[in-house]
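**Student:** Numbering (this note's numbering), first residue to last: 58 to 272.
Don't be surprised by glycine CBs; every beta carbon is placed ideally from N, CA and C.
None of these values were measured; they are calculated from a predicted model.
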């Protein structure tokens, strides 16, 4: 779509403009800095321009028939379908980089703040908890109303009704939750104790006093 409004469409091909690259382009006669990256789980762009050029660029993009969907799509629904993490929601100081599944395959040789502790965590056989993606398999409440939760929900073992607790005493709760339009179900991210991290493991979340199955 973006190729329809730039002065050099060939410059946007994957070979000429690879993922995570930043280059200047022209849209609607205006200078734009394009960043080939996206937080919605699929190929996309961030476009940066001078304030006074914003309307001209907006009009050029809208002329292609694209629709604006707002920050909820960007920051929740689509990014969660690809399990992209959100700072201060899914990335918390109580959990380390490996538990968030964001650790790099190697550790640089130079010293850095927290390196000793990071190496200690890496040496573990497994982490006490891992950030997992959960899908709500049923969202109808006791009155027959479909629920679309927001906020924090405790994650429980359906056999006991107890909230999960890892070996460090941290209770499991959803860190993000949103409706996933592609799969037609609610999606949540949550740190689960290692023993509960199997794919397909059936659990439940509690929302306004009622429980809903997740896996």
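(1) With a floor of 3 residues, list each beta strand (DSSP E) that falls wholly inside the region 156-226, ordered by position along the chain.
(2) Along the chain, where does the beta strand (DSSP E) that runs through residue 72 open and close?
(3) Which whole-angstrom value describes the C-beta separation of residue 84 and residue 63, a residue pair presumed to lie in contact below a C-beta threshold of 8 Å?
(4) Can you have a look at residue 189 and say buried or exposed, based on whether 16 or more other CB atoms are within 10 angstroms of its CB?
(5) Tell me the DSSP secondary structure of residue 119 in three-state form.
(6) For residue 244, is the classification buried or exposed, using 16 other Cβ atoms within 10 angstroms of its Cβ as the cut-off for buried?
(7) Look at the Cβ atom of residue 272, then the Cβ atom of residue 259, and state whether they are nearer than 9 Å.
(8) Looking at the unbroken alpha helix (DSSP H) that takes in residue 138, where does it start and where does it end?
(9) How do the region 153-166 and the region 176-190 stand: do at least 3 beta-carbon pairs fall below 8 Å, yes or no?
(10) Is residue 218 close to chain B, meaning its C-beta is less than 9 Å from at least one C-beta of that chain?
(11) Taking the Cβ atom as the reference point for each residue, do residue 242 and residue 197 lie within a distance shorter than 9 Å?
(12) In the structure shown, what three-state DSSP assignment does residue 62 receive?
(13) How many angstroms separate the CA atom of residue 169 from the CA atom of residue 175?
**Tutor:** Looking at the coordinates:
(1) If we require 3 residues or more, the beta strand (DSSP E) runs fully inside the region 156-226 come out as 186-192.
(2) On the chain shown, position 15 is the one that residue 72 refers to. Annotation: residue 72 is outside any beta strand (DSSP E) and is labelled neither H nor E by DSSP.
(3) Locating residue 84 in the chain shown gives position 27, counting from the first residue. Locating residue 63 in the chain shown gives position 6, counting from the first residue. The beta-carbon distance between residue 84 and residue 63, rounded to whole angstroms, is 6 Å. This is short enough to meet the 8 Å contact definition.
(4) By one-based count along the chain shown, residue 189 stands at place 132. Residue 189 should be labelled buried.
(5) Position 62 of the chain shown, counting from 1, holds the residue named residue 119. Here residue 119 carries a helix assignment [DSSP, helix/strand/coil].
(6) Sequence index remark: in the chain shown, residue 244 carries index 187 (1-based). That one is buried.
(7) Residue numbering aside, residue 272 sits at position 215 when the chain shown is read from its first letter. Residue numbering aside, residue 259 sits at position 202 when the chain shown is read from its first letter. Yes, Cβ-Cβ distance for residue 272 and residue 259 is below 9 Å.
(8) For the purposes of this step, residue 138 is identified with residue 81 of the chain shown, where counting begins at 1. 135-138 is the extent of the alpha helix (DSSP H) around residue 138.
(9) A contact exists between the region 153-166 and the region 176-190.
(10) Absent here is chain B; the protein component of the structure consists of one chain.
(11) To locate residue 242, count along the chain shown from 1; it is residue 185. To locate residue 197, count along the chain shown from 1; it is residue 140. No. Outside cutoff.
(12) Stepping through the chain shown from its first residue, residue 62 is reached at position 5. Secondary structure at residue 62: coil, using DSSP grouped into helix, strand and coil.
(13) Your numbering for residue 169 matches position 112 in the chain shown. Your numbering for residue 175 matches position 118 in the chain shown. Each residue's alpha carbon lies about 10 Å from the other.
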